[in-house]
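There are 2 protein chains.
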Amino acid sequence: MQPKIRSRNKSTPSFIEAARRDQLVEAAIATIAEVGYAKASFVRIAERAAISPGLISYHFSTKGELLEQVIVHITTTMDRAMSARAEGASGYVAALRAMIEAFVHYCAGHRPEMLALLQLSSNAEDPEVAKELARTQETGLSELEEMFQKGQEARAFRAFSPRTMAVTLMGALEAVPRELALRPETDVDAYACELATAFELAVQPLPHAPRAKHKKRR
Amino acid sequence: MQPKIRSRNKSTPSFIEAARRDQLVEAAIATIAEVGYAKASFVRIAERAAISPGLISYHFSTKGELLEQVIVHITTTMDRAMSARAEGASGYVAALRAMIEAFVHYCAGHRPEMLALLQLSSNAEDPEVAKELARTQETGLSELEEMFQKGQEARAFRAFSPRTMAVTLMGALEAVPRELALRPETDVDAYACELATAFELAVQPLPHAPRAKHKKRR
């Protein structure tokens with residue numbers, strides 16, 4: 019429940035420093051989820067983390083830097099949750115299914131994180147935040163694209179544009195936290211299963227298409 | 019090319035008034051697409067529409083009211099483009115396909131409108147704008163949900179949650195303008211066709227499922 023923050027730009031902080039940054043990032047997530055982006059000041063975040071506001075700027079020189087770390091923190095824990103489920107899967111279709119279901123369950127189990135991310139996405143005037151969101155988005159797209167490509171090479175998926183399918187799946191995934199925020203009563207298991215089935219049907223080889231003989235491209 | 023603005027909240031304006039409001043809404047779209055949300059001031063918009071800035075407030079009392087009308091204008095022309103394509107379709111599957119393809123082509127043919135909408139969505143701190151975006155979103159979702167429901171009743175679609183599929187399709191559609199903005203070189207025809215195919219495969223009756231006997235529910 020207390021995952022380490024991977025600092026992407028800085029040299030590795032000491033254990034104490036890392037723990038304090040961790041604490042601030044978690045306080046920032048909870049504060050943004052509760053009062054919204056605009057009202058999530060350093061003072062409020064410090065209050066929640068029970069530290070002096072002046073101390074925040076020792077760890078994060080700007081609000082943008084703290085928010086960037088919030089995005090890194092959320093996407094890292096999310097990636098980990100999704101990979102853990104997908105890695106045990108037998109084959110590409112099962113891995114896709116596991117990944118989609120893990121994402122829906124992550125969203126449902128991390129509502130403050132997802133609310134904070136939604137808040138950041140709809141208030142992206144901060145250049146550092148906008149850049150980090152765009153970077154995260156592009157990394158996610160590339161990973162999905164690669165998975166679709168490899169699945170096609172293994173003949174587990176039909177022929178389609180891996181990029182278009184990646185953009186489509188990403189859009190469908192991004193709609194999940196919004197829907198769970200709008201309708202908290204949503205049946206999460208059913209949602210996860212239905213979303214996975216929709217994409218399984220969208221990517222699987224067509225039954226009437228002649229299956230090409232095992233011809234490895236790589 | 020100069021669609022009428024449907025005013026949803028006000029009594030019908032005179033012809034001259036409607037034309038002037040139209041002109042301001044179009045100037046607002048072009049300005050937001052060009053300089054971004056934050057810099058799209060009344061002064062800049064008036065300049066582009068070649069009218070005195072003071073006159074804008076005769077037509078729109080706040081920037082929020084003008085932006086609300088921008089959203090209404092875009093969604094109305096978009097709905098019209100999509101309905102026109104879908105209405106000629108024979109059956110639910112063809113209508114879904116036509117609607118998805120029309121949406122992608124609308125996005126490609128109305129880049130300033132889509133850029134303006136993206137700008138408004140990621141800067142939704144204005145309560146009037148946020149409310150109008152949420153309303154538009156919910157209306158779109160309800161329409162998609164109803165279409166899926168009716169298609170299921172007609173046995174054109176397999177059994178799935180119409181709400182989940184509507185949220186999924188809406189997410190996939192919302193990803194289109196972002197992708198076209200990010201990669202303007204995208205092959206629009208191919209994108210439209212691939213997206214439509216993905217959803218066609220996701221909703222169509224499963225080949226091995228026994229087809230229930232013609233039993234009309236309504």
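Protein sequences, first through last, are from chains Y and V. Per the numbering used here, the very first residue in the first sequence carries number 19; after that it's consecutive. Per the numbering used here, the very first residue in the second sequence carries number 19; after that it's consecutive. Yeah, the Cβ is synthetic: ideal placement off N, Cα and C, and Gly gets one too.
Cutoff 8 Å: residue i Cβ touching any chain Y Cβ
i	result
residue 225/V	yes
residue 134/V	no
residue 110/V	no
residue 216/V	yes
Short CB-CB distance (under 8 Å) between residue i and chain V
i	result
residue 119/Y	no
residue 35/Y	no
residue 175/Y	no
residue 197/Y	yes
residue 209/Y	yes
residue 22/Y	In this prediction, residue 22/Y has a pLDDT of 44, which is less than 50 and means its spatial position is unreliable; what the coordinates show is noted afterwards. Answer no: the Cβ-Cβ gap between residue 22/Y and chain V never drops below 8 Å.
Residue i, enclosing alpha helix (DSSP H) - first and last residue
i	result
residue 34/Y	33-53
residue 62/Y	60-67
residue 151/Y	145-171
residue 57/V	Per DSSP, residue 57/V belongs to no alpha helix (DSSP H) and is neither H nor E.
residue 12/Y	Past the boundaries of the shown model lies residue 12/Y; chain Y is included only from 19 to 236, so the question cannot be answered.
residue 128/V	Element bounds for residue 128/V: n/a, residue is neither H nor E.
residue 174/V	Segment: none, residue 174/V is in no alpha helix (DSSP H) and carries neither H nor E.
residue 97/V	81-105
residue 238/V	Nothing about residue 238/V can be read from this structure; chain V reaches only from 19 to 236.
residue 186/Y	180-200
residue 12/Y	There is simply no residue 12/Y to check, as chain Y begins at 19 and stops at 236 in what is shown.
Within chain V, the residues that residue i reaches when beta carbons sit closer than 8 Å
i	result
residue 213/Y	182, 186
Proximal chain V residues relative to residue i, where beta-carbon distance stays under 7 Å
i	result
residue 189/Y	189, 190, 192, 193
residue 59/Y	Per Cβ cutoff of 7 Å: no residues; residue 59/Y is ~15 Å from chain V at best.
residue 219/Y	219, 220
Chain-ordered neighbours of residue i on chain Y, where CB pairs are closer than 9 Å
i	result
residue 166/V	Neighbours of residue 166/V on chain Y: none; closest Cβ ~11 Å, over 9 Å.
Rounded distance between the beta-carbons of residue j and residue i, thought under 8 Å
i	j	result
residue 213/V	residue 199/V	Their Cβ separation, rounded to whole angstroms, is 16 Å, which puts residue 213/V and residue 199/V out of contact at 8 Å.
residue 63/V	residue 45/V	5 Å
residue 176/Y	residue 111/Y	Not quite, the Cβ-Cβ distance comes to about 11 Å (not below 8 Å), so this is no contact.
residue 41/V	residue 58/V	Not confirmed; about 15 Å, so no contact.
residue 209/V	residue 122/V	6 Å
Where residue i meets chain V, residues with beta-carbon distance less than 9 Å
i	result
residue 99/Y	Those do not exist, as residue 99/Y stays about 20 Å from chain V at its closest Cβ, beyond 9 Å.
Under 8 Å by beta carbon: chain Y residues contacting residue i
i	result
residue 179/V	208, 209, 212
Cutoff 8 Å: residue i Cβ touching any chain A Cβ
i	result
residue 124/Y	The chain labelled as chain A is not found among the protein chains of the depicted structure, namely Y and V.
Task: At least 3 beta-carbon pairs within less than 8 Å: the stretch 151-164 of chain V vs the stretch 60-79 of chain V - done: no
Task: the stretch 198-206 of chain V contacting the stretch 164-177 of chain V, beta-carbon criterion three pairs below 8 Å - done: no
Open item on the list: So, does the stretch 98-108 of chain Y touch the stretch 116-132 of chain Y, judging by three or more C-beta pairs under 8 Å?
Closed with: yes
Task: Inter-stretch contact at 8 Å, needing at least 3 Cβ pairs: the stretch 133-153 of chain Y / the stretch 84-98 of chain Y - done: yes
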